[in-house]
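First up is the structure itself, then whatever we jot down about it.
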Amino acid sequence: MAAELEDDEDDAPRKPRVTHLQGPSRITIGPQQVSGAKRTASASDYPAPLTKPSKAAVRTGIDYSKWDSMNFDDTEADEGEYDEDMDDGSAEYEKCENSAASTTSLGKHSAVLGKLEGVRSEKPPTMKTRVCTDAESMEAKAEFQADAEERDMLTPEELASLHKAFADKNMVIHPPPDYGSESSSETPEAAYAKLVSKLTRNGSDCGSHLWKQTEKDVEISVRLPAGTRAKDLTVQVTPASTEGRQRLLVTRTSQPTGESQRQKATLFDKAMAYPVEQPDDAVDLSWEVTDLEPRGGCRALRVALTKEVVHGVVVWWARAFDGDPELNTLEFPDRKHASRVQANKDVWDQAQQMFRDSVAARPPPTQIHLDPSEEHGVDGG
Numbered sequence: 000m001a002a003e004l005e006d007d008e009d010d011a012p013r014k015p016r017v018t019h020l021q022g023p024s025r026i027t028i029g030p031q032q033v034s035g036a037k038r039t040a041s042a043s044d045y046p047a048p049l050t051k052p053s054k055a056a057v058r059t060g061i062d063y064s065k066w067d068s069m070n071f072d073d074t075e076a077d078e079g080e081y082d083e084d085m086d087d088g089s090a091e092y093e094k095c096e097n098s099a100a101s102t103t104s105l106g107k108h109s110a111v112l113g114k115l116e117g118v119r120s121e122k123p124p125t126m127k128t129r130v131c132t133d134a135e136s137m138e139a140k141a142e143f144q145a146d147a148e149e150r151d152m153l154t155p156e157e158l159a160s161l162h163k164a165f166a167d168k169n170m171v172i173h174p175p176p177d178y179g180s181e182s183s184s185e186t187p188e189a190a191y192a193k194l195v196s197k198l199t200r201n202g203s204d205c206g207s208h209l210w211k212q213t214e215k216d217v218e219i220s221v222r223l224p225a226g227t228r229a230k231d232l233t234v235q236v237t238p239a240s241t242e243g244r245q246r247l248l249v250t251r252t253s254q255p256t257g258e259s260q261r262q263k264a265t266l267f268d269k270a271m272a273y274p275v276e277q278p279d280d281a282v283d284l285s286w287e288v289t290d291l292e293p294r295g296g297c298r299a300l301r302v303a304l305t306k307e308v309v310h311g312v313v314v315w316w317a318r319a320f321d322g323d324p325e326l327n328t329l330e331f332p333d334r335k336h337a338s339r340v341q342a343n344k345d346v347w348d349q350a351q352q353m354f355r356d357s358v359a360a361r362p363p364p365t366q367i368h369l370d371p372s373e374e375h376g377v378d379g380g
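Start counting the sequence shown at 0; every next residue gets the next number (numbering that gives the first Met the number 0).
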């Protein structure tokens with residue numbers, strides 16, 4: 000019986016045993032191929048892989064999933080509303096009657112607005128410009144813009160005529176500042192007095208020049224004829240020689256009418272009363288030309304200088320040039336210790352007077368006369 004069972008097991012076809020398959024595999028049923036057919040195992044024939052149970056998601060304090068179902072549309076707008084910045088009045092605005100803008104053709108500079116919006120052109124408005132091609136007017140314009148000082152010397156009538164002549168050429172000619180204009184409450188005389196007071200602080204007005212000073216600097220203002228321009232001046236501080244002091248020299252280079260050669264005229268030349276730092280070059284010297292008196296009056300050359308003193312020592316000038324009237328330096332408004340200096344001087348004078356009085360009140364010295372014989376007797380004893 001057992002033998003029969005064993006024979007039956009040997010004669011019976013064996014079933015394939017598959018424990019694990021990797022990738023696409025081919026399984027053949029039976030010991031031989033039936034009609035040459037092949038069967039390719041598909042992914043559905045594979046057993047499902049074993050997976051570990053997923054852990055429950057840990058919930059945080061805020062659940063953001065409730066916003067996933069919400070629909071946001073930034074193109075929605077109420078009827079009749081539009082961007083105020085885009086409605087500048089320079090382009091046409093067409094309001095759409097439908098819920099969304101519908102266009103078939105747009106220009107180069109166009110934009111489609113959102114719901115209940117419209118289509119408008121964003122092209123900026125064209126500005127009508129006019130290019131001046133007249134050679135004469137362009138040359139005159141360059142001349143007047145290059146030399147602002149000449150315009151300062153024009154009278155109101157001349158300035159009005161220039162405005163009229165070049166109005167059609169889009170030219171702007173700025174008028175010079177005027178003392179006592181309508182925008183200012185000061186009269187020309189008050190403005191001039193205020194300027195002179197500023198230029199003579201801790202100094203004085205000496206006629207041909209004005210000067211002011213601080214503890215370290217000095218500013219000299221030389222009066223110049225009306226119409227003097229800075230480009231026609233040469234300013235220099237000549238170094239001190241063995242025979243004299245430093246000098247401030249101002250010359251004017253002018254070209255007389257009808258002559259081709261230029262000649263120099265000395266406008267100011269005086270010796271400095273105190274030493275100043277010598278500039279290394281003409282470029283290092285700081286100066287400018289400004290208006291001093293009201294329109295049509297004289298101008299001023301303002302030269303900035305630095306005192307040459309020992310370090311830590313303050314020297315207040317009593318005058319700027321040789322020949323100027325001397326000032327009382329204790330009366331300068333910027334002297335911080337002027338009152339203390341005067342008090343110290345008064346105390347010193349009082350102490351000197353008390354010493355003289357005590358010496359005068361002393362009794363006269365006693366005179367002692369010695370007899371020569373007594374003196375001889377003492378020596379002989």
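Each residue gets a CB set at the ideal place from its N, CA and C atoms; glycine is no exception.
- Cβ-Cβ distances below 7 Å link R298 to L223, A225, T227, V288, T289, D290, L291 in the same chain, with the five nearest sequence neighbours on each side left out; the list follows chain order.
- By the neighbour-count criterion, in which a residue is buried when 16 or more other Cβ atoms sit within 10 angstroms of its Cβ, Y63 is exposed.
- Annotation: E188 is outside any beta strand (DSSP E); the continuous alpha helix (DSSP H) that includes it extends over 187-198.
- The Cβ atoms of Q245 and P274 sit closer than 8 Å to each other.
- Looking from the CA of F267, the closest CA among R251, D280, D279, P293 belongs to R251.
- If you ignore the 5 residues before and after D204, its C-beta comes within less than 7 Å of the C-beta of V195, all in its own chain and listed in chain order.
- Under the three-state reduction of DSSP, R228 is assigned to coil, being neither helix nor strand.
- Within the DSSP secondary-structure output, T265 pairs in a beta bridge with T250.
- Around L209, the same chain offers L198, T199, S220 as residues with beta carbons nearer than 6 Å, after the five sequence neighbours per side are excluded.
- Within the same chain, Q277 come within 6 Å of P238 by CB-CB distance, once the 5 residues on both sides are set aside.
- Annotation: S68 is outside any beta strand (DSSP E) and is labelled neither H nor E by DSSP.
- By the 16-neighbour rule on beta-carbons within 10 angstroms, Q212 is buried.
- If you ignore the 5 residues before and after K193, its C-beta comes within less than 8 Å of the C-beta of E185, all in its own chain and listed in chain order.
- Rounded to whole angstroms, the separation of the alpha carbons of K269 and S207 is 11 Å.
- Secondary structure in the segment 293-325: the beta strand (DSSP E) runs of 3 residues or longer, each lying completely within the stretch, are 298-305 in chain order.
- By alpha-carbon distance to V217, the top candidate from A190, S240, R301 is R301.
- E214 and V340 do not touch by the CB rule: their CB atoms are close to 14 Å apart, not below 8 Å.
- In this structure, A281 keeps its C-beta atom at 8 Å or more from the C-beta atom of F320.
- Taking the Cβ atoms as the reference, W316 lies roughly 12 Å from R334, outside the contact range of under 8 Å.
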